[in-house]
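One structure is given below, encoded as structure tokens.
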Amino acid sequence: MSAPVKLLYFAWLRARIGHAEEQVSLPAEVRDVAGLLEWLRARGPRYAEALRDLSVIRVAVNQDYVGLEHPVKAEDEIAIFPPVTGG
Amino acid sequence: MIRVQREDFDIGRELERLVAGDHTVGGVASFIGLVRDFNLDGGGPRNLTDQVSALTLEHYPGMTEKKLAEIEAEANRRWPLSGSLIIHRYGRLEPGDRIVLVATASPHREAALAACHFLIDWLKTDAPFWKSEETPEGERWVDARAEDDAATRRWR
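Protein sequences, first through last, are from chains A and B.
Going by my numbering, the residue at position 40 of the first sequence is 40; the numbering climbs one at a time, nothing skipped.
Going by my numbering, the residue at position 21 of the second sequence is 108; the numbering climbs one at a time, nothing skipped.
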């Protein structure tokens, strides 16, 4: 276990997971966004259901859009949300 | 200039302020987005199931301002603008309410019009806002539209 990351959820992902924000300590084997999503899905049925379909999930690390291969590290702010619908 | 706010805005005052005292400006272009009372997904504007009585806009404070500033900087790189303005609201809004104002000022109309179009297209696919609609069947989150992605791709 290392220093925690801050996870943020928005829109229906927040509603399905049940909270907007959490601090979690990631196990050493979680090194990138793909690994993080896989680890989160194993945390419970709410996560598994909310994060099932990657085609409707966007991820930002430290407020920039990133892909599945992007590394995650201690103290990152990682936001997970659906495609945006503003304007 | 970027503003993300709950409050409404006065279009006339904002456009005046954008050009105030700058006599290099030859034209101002603007786009105003409003809350409409129907959802596009149902196929028709007057089906009962498509009625929308209110919208709630959620956003990601911090990233919203960062993305809007990046979008505005990109518009200023591409076109010779004297000024630009993006105001986007969040919170609960009702049909007819203003959601967003994008305005650009330039010595030339082509630059102002193109940059304004670019800004609203880009904003719709990049700025982290989400709409939830109140309908007769309850609340539902608005789905992203493929047409919006296509509109942004034109500018890449």
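Every residue, glycine too, gets a C-beta built ideally from N, C-alpha and C.
Does the beta carbon of residue 12(A) sit closer than 9 angstroms to a beta carbon anywhere in chain B?
For the purposes of this step, residue 12(A) is identified with residue 12 of the first sequence, where counting begins at 1. With 9 angstroms as the cut-off, residue 12(A) counts as an interface residue toward chain B.
Got a sec? Which residues, its chain only, sit under 7 angstroms from residue 40(A) by beta carbon, not counting five neighbours each side?
Counting from one through the first sequence, the residue named residue 40(A) turns up at place 40. Closer than 7 angstroms at Cβ, skipping near neighbours: 47, 51.
What does residue 84(A) reach in chain B if we use C-beta pairs closer than 8 angstroms?
Taking the first sequence and counting its residues from 1, the one referred to as residue 84(A) is at position 84. Chain B residues near residue 84(A): 211, 212, 213, 214, 215, 216, 217, 231.
According to DSSP, is residue 114(B) part of a helix, a strand, or is it coil?
Sequence index remark: in the second sequence, residue 114(B) carries index 27 (1-based). Strand.
Mind checking if residue 235(B) is an interface residue toward chain A, Cβ cutoff 9 angstroms exclusive?
Walking along the second sequence from the start, residue 235(B) turns up at place 148. Yes, because at least one Cβ of chain A sits closer than 9 angstroms to the Cβ of residue 235(B).
Straight-line CA distance for residue 152(B) to residue 90(B)?
Residue numbering aside, residue 152(B) sits at position 65 when the second sequence is read from its first letter. Residue numbering aside, residue 90(B) sits at position 3 when the second sequence is read from its first letter. Their Cα atoms are separated by approximately 8 angstroms.
Check whether the Cβ atoms of residue 79(A) and residue 59(A) sit closer than 9 angstroms, and answer yes or no.
In the first sequence, counting from the first residue as 1, residue 79(A) sits at position 79. In the first sequence, counting from the first residue as 1, residue 59(A) sits at position 59. Taking 9 angstroms as the Cβ cut-off, residue 79(A) and residue 59(A) qualify as a contacting pair.
Quick one: grab the DSSP three-state call for residue 73(A).
As a working mapping, residue 73(A) is identified with position 73 in the first sequence. Looking at residue 73(A) - three-state DSSP - the assignment turns out to be coil, as it is neither helix nor strand.
Identify each residue in the segment 187-200 of chain B for which the Cβ-Cβ distance to at least one residue of chain A is less than 8 angstroms, and report them in chain order.
Per Cβ criterion, the list reads 187.
Would you mind listing the beta strand (DSSP E) stretches within the segment 9-65 of chain A that are 3+ residues and don't spill past its ends, in chain order?
The segment 9-65 of chain A contains these whole beta strand (DSSP E) runs: 21-24, 58-61.
Using a C-beta cutoff of 9 angstroms, does residue 76(A) count as contacting chain B?
What you label residue 76(A) is simply residue 76 of the first sequence in a count that begins at 1. No, because no Cβ of chain B sits closer than 9 angstroms to the Cβ of residue 76(A).
Within the continuous alpha helix (DSSP H) that includes residue 204(B), where are the two ends?
Mapped onto the second sequence, residue 204(B) falls at position 117. Taken as a continuous stretch (DSSP letters only), the alpha helix (DSSP H) holding residue 204(B) covers 196-213.
When the cut-off is 9 angstroms and only beta carbons count, does residue 88(B) lie next to chain A?
Taking the second sequence and counting its residues from 1, one reaches residue 88(B) at position 1. Chain A contact via Cβ: absent.
Between the segment 53-79 of chain A and chain B, which residues of the former have a C-beta closer than 7 angstroms to a C-beta of the latter?
Here the close residues are 60, 63, 79.
Alpha carbons only, please: which of 164(B), 190(B), 182(B) is nearest the one belonging to residue 174(B)?
Counting from one through the second sequence, the residue named residue 174(B) turns up at place 87. That would be 190(B), whose Cα lies nearest to the Cα of residue 174(B).
Can you list, in chain order, the residues of its chain whose CB lies under 6 angstroms from that of residue 77(A), leaving out five sequence neighbours each side?
Along the first sequence, one-based indexing puts residue 77(A) at 77. 6, 62.
Which chain D residues sit within Cβ distance under 8 angstroms of residue 183(B)?
Absent from the structure is chain D; the protein chains it does hold are A and B.
With a threshold of 9 angstroms between beta-carbons, can residue 8(A) be considered close to chain B, or not?
Here residue 8(A) refers to the residue found at position 8 of the first sequence. Yes, because at least one Cβ of chain B sits closer than 9 angstroms to the Cβ of residue 8(A).
What does the Cβ neighbour count give for residue 212(B), buried or exposed, with the cut at 16 atoms within 10 Å?
Numbered from its first residue, the second sequence carries residue 212(B) at position 125. Counting Cβ neighbours within 10 Å, residue 212(B) comes out buried, since at least 16 surround it.
Can you tell me whether DSSP reads residue 179(B) as helix, strand or coil?
The residue labelled residue 179(B) in the question sits at position 92 within the second sequence. Residue 179(B): strand per DSSP, three-state reduction.
Identify the contact partners of residue 221(B) in chain A, using a Cβ-Cβ distance below 9 angstroms as the criterion.
Here residue 221(B) corresponds to residue number 134 of the second sequence, with the count starting at 1. Within 9 angstroms Cβ-Cβ: nothing; residue 221(B) doesn't reach chain A, min ~15 angstroms.
Given that residue 228(B) touches chain A, what residues does it touch there, using C-beta distances under 9 angstroms?
Within the second sequence, the letter at position 141 stands for residue 228(B). What residue 228(B) touches in chain A: 11, 12, 15, 82, 85.
Using only the alpha-carbon positions, how far apart do residue 93(B) and residue 66(A) sit?
The count along the second sequence starts at 1 and reaches residue 93(B) at position 6. The count along the first sequence starts at 1 and reaches residue 66(A) at position 66. Their backbone Cα atoms lie some 28 angstroms apart in a straight line.
Would you mind giving the Cβ-Cβ distance between residue 221(B) and residue 141(B), rounded to the nearest angstrom? I have them listed as a contact below 8 angstroms.
Position 134 of the second sequence, counted from the start, is the residue given in the question as residue 221(B). Position 54 of the second sequence, counted from the start, is the residue given in the question as residue 141(B). The Cβ separation is near 4 angstroms, so the contact holds.
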